[in-house]
Amino acid sequence: VSVRPATFLTVRAANGLEVPYSGLIVVDLVVFGCAVNCVPVLVVRDPTGPAAASRKQQIPALLGMNVLGKCKSFPSSLQPALQEAKQRQRCVRGRARVAEQQHLPAYSMTTVRVTGPRDQNCSLMAAPLGQPLPGGLVVVPTLLEGDSKHRFVRMANLSPEDVLLPARTPVAWLHAVDGIEEDEAVQVTVSCSEVTITPKSAESTPTADVPKVPLPATFDGTHEQRRQLQDLLTRYGHVFSQGDDDMGYTDVVQHRIPTTDSVPVAQPYRSIPPNHLQELEHLLQRIAQLGLKLKREKCQFLRRQVTYLGHTISADGVSCDDDKVEQ
Numbered sequence: 001v002s003v004r005p006a007t008f009l010t011v012r013a014a015n016g017l018e019v020p021y022s023g024l025i026v027v028d029l030v031v032f033g034c035a036v037n038c039v040p041v042l043v044v045r046d047p048t049g050p051a052a053a054s055r056k057q058q059i060p061a062l063l064g065m066n067v068l069g070k071c072k073s074f075p076s077s078l079q080p081a082l083q084e085a086k087q088r089q090r091c092v093r094g095r096a097r098v099a100e101q102q103h104l105p106a107y108s109m110t111t112v113r114v115t116g117p118r119d120q121n122c123s124l125m126a127a128p129l130g131q132p133l134p135g136g137l138v139v140v141p142t143l144l145e146g147d148s149k150h151r152f153v154r155m156a157n158l159s160p161e162d163v164l165l166p167a168r169t170p171v172a173w174l175h176a177v178d179g180i181e182e183d184e185a186v187q188v189t190v191s192c193s194e195v196t197i198t199p200k201s202a203e204s205t206p207t208a209d210v211p212k213v214p215l216p217a218t219f220d221g222t223h224e225q226r227r228q229l230q231d232l233l234t235r236y237g238h239v240f241s242q243g244d245d246d247m248g249y250t251d252v253v254q255h256r257i258p259t260t261d262s263v264p265v266a267q268p269y270r271s272i273p274p275n276h277l278q279e280l281e282h283l284l285q286r287i288a289q290l291g292l293k294l295k296r297e298k299c300q301f302l303r304r305q306v307t308y309l310g311h312t313i314s315a316d317g318v319s320c321d322d323d324k325v326e327q
């Protein structure tokens with residue numbers, strides 16, 4: 001049998017890839033005892049992969065509808081098989097195309113409205129085309145109603161960039177679906193596990209790596225007060241700056257400083273209240289939670305004399321800060 005080269009025909013598989021073939025031959029066939037004359041046969045090239053070669057050994061050839069359509073004289077027992085083959089040939093209804101321009105964000109899944117052939121007799125299944133889509137989009141198989149005016153297909157954008165899908169872009173094949181089974185009830189089993197989470201507070205910070213913060217030289221409390229204060233500063237030693245390298249700028253805390261000419265309110269000197277350590281601990285805890293740093297030279301707690309906005313506050317009252325007064 002001589003093979004006639006044929007270049008006028010392009011054959012594509014269901015996945016959209018071109019099928020390589022060597023040529024075309026015209027032969028006479030006998031199918032189930034019935035002779036079919038002048039049948040064109042496409043000679044496909046031998047596959048190179050082991051998987052495709054194994055499939056070809058199991059199914060060496062396929063009969064198309066051009067052959068089966070001529071077998072009108074087949075016995076009645078073979079008519080159901082021919083009818084089934086004809087139905088399988090018609091299972092693909094067409095392509096689903098994007099109805100309008102669609103924007104798909106990166107790393108997201110979007111419902112895209114599509115258009116396609118209308119079929120009132122069966123439902124349709126949207127399946128991937130088998131060829132790459134713009135931007136590496138992925139079509140999720142979706143069941144569509146055949147007579148619906150609006151059809152929607154789920155598409156996933158797995159790339160790190162947004163994709164703009166133009167209108168009329170083919171995105172999926174539409175296959176006819178028969179025999180859809182719907183379960184009336186779905187049983188869901190959920191296993192619960194109890195987990196106890198203990199929050200780790202700032203107090204549990206190990207003190208081995210925390211630098212020791214010395215007590216202010218002006219603090220003249222009792223031995224018990226000095227011990228309590230030293231323990232408190234040691235637990236929160238990581239909120240104090242160890243040099244200029246760990247200092248920076250922050251927008252976490254903002255202050256509003258009034259610059260009016262009002263006279264400062266004079267308050268009499270009073271001793272440190274018993275809850276002062278608790279208030280100081282709460283302040284240090286908030287600073288630790290915000291990730292801020294304190295400069296030791298700027299900390300003026302536990303002192304008998306402090307400066308604030310150009311004034312000096314001490315046991316004698318409020319007076320001007322000599323360092324801020326112009327000479």
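Anchor point for the sequence shown: position 69 equals 69 in full-length UniProt numbering, and the numbering is continuous, going up by one each time.
Even for Gly, the Cβ is constructed at its ideal location relative to N, Cα and C.
Query, Result
"To the nearest angstrom, report how far apart Leu232 and Glu224 are at their CA atoms.", "12 Å"
"Go ahead and label Tyr236 buried or exposed: buried means 16 or more other beta carbons lie within 10 angstroms of its beta carbon, across all protein chains shown.", "buried"
"Looking at Gly310 and the ligand PLP, is the gap between the Cβ and the nearest heavy atom below 7 Å?", "Inclusion of the ligand PLP in the displayed structure is not the case, the ligand content being empty and no account of it being possible."
"Considering only the alpha carbon of each residue, which of Ala51, His175, Cys299, Val171 lies closest to Val114?", "Val171"
"What are the partner residues of Thr222, as DSSP defines its beta bridges?", "Its beta-bridge partners do not exist; DSSP assigns none."
"Less than 6 Å between C-beta atoms, sequence neighbours within five positions excluded: which residues of the same chain meet that for Leu104?", "Thr110, Asn157, Val163"
"Does DSSP put Ala58 in a helix, in a strand, or in coil?", "Looking at the sequence provided, one finds Gln at residue 58 rather than Ala. Helix at Gln58."
"With burial defined as no fewer than 16 other Cβ atoms inside 10 Å of the residue's Cβ, what is the status of Gln102: buried or exposed?", "buried"
"Helix, strand or coil, according to DSSP, for Thr260 in the structure here?", "coil"
"Looking at the unbroken alpha helix (DSSP H) that takes in Ala288, where does it start and where does it end?", "276 to 290"
"Rounded to whole angstroms, what's the CA-CA distance from Leu294 to Ser159? Just pull it up for me.", "44 Å"
"Alpha carbon to alpha carbon, how far is Ala202 from Ala288?", "The predicted position of Ala202 is uncertain, since its pLDDT is 48 and thus under 50; a value taken from the coordinates is nonetheless stated next. Cα to Cα, Ala202 sits roughly 7 Å from Ala288."
"Is Asp28 helix, strand or coil when you go by DSSP?", "strand"
"Taking all protein chains shown into account, decide if Thr142 is buried (16 or more other Cβ within 10 angstroms of its Cβ) or exposed.", "buried"
"Less than 8 Å between the C-beta atoms of Leu124 and His175, yes or no?", "yes"
"For the alpha helix (DSSP H) containing residue 330, name the first residue and the last one.", "Outside the modelled stretch of the chain, which goes from 1 to 327, sits residue 330, for which no answer is possible."
"Label Arg304 either buried or exposed according to how many other C-beta atoms from any shown protein chain fall within 10 Å of its C-beta, with 16 as the threshold for buried.", "exposed"
"Whole angstroms are fine: how far does the CA of Arg226 sit from the CA of Thr234?", "12 Å"
"From which residue to which residue does the beta strand (DSSP E) around Phe152 run?", "151 to 157"
"On the CB-based measure, 16 or more other CB atoms within 10 Å of its CB, does Glu18 come out buried or exposed?", "exposed"
"Give the secondary structure of Leu144 by DSSP, where H, G and I count as helix, E and B as strand, and everything else as coil.", "strand"
"Is the distance from the Cβ of Ala127 to the Cβ of Val153 below 8 Å?", "no"
"Bridge partners of Pro128, per DSSP?", "Ala172"
"Where does Ala35 fall in DSSP's three states?", "strand"
"Which of helix, strand or coil does DSSP assign to Gly135?", "helix"
"Can you look up Gln102 in the DSSP assignment and give me helix, strand or coil?", "strand"
"Quick one, are the C-beta atoms of Tyr21 and Val36 less than 8 Å apart?", "no"
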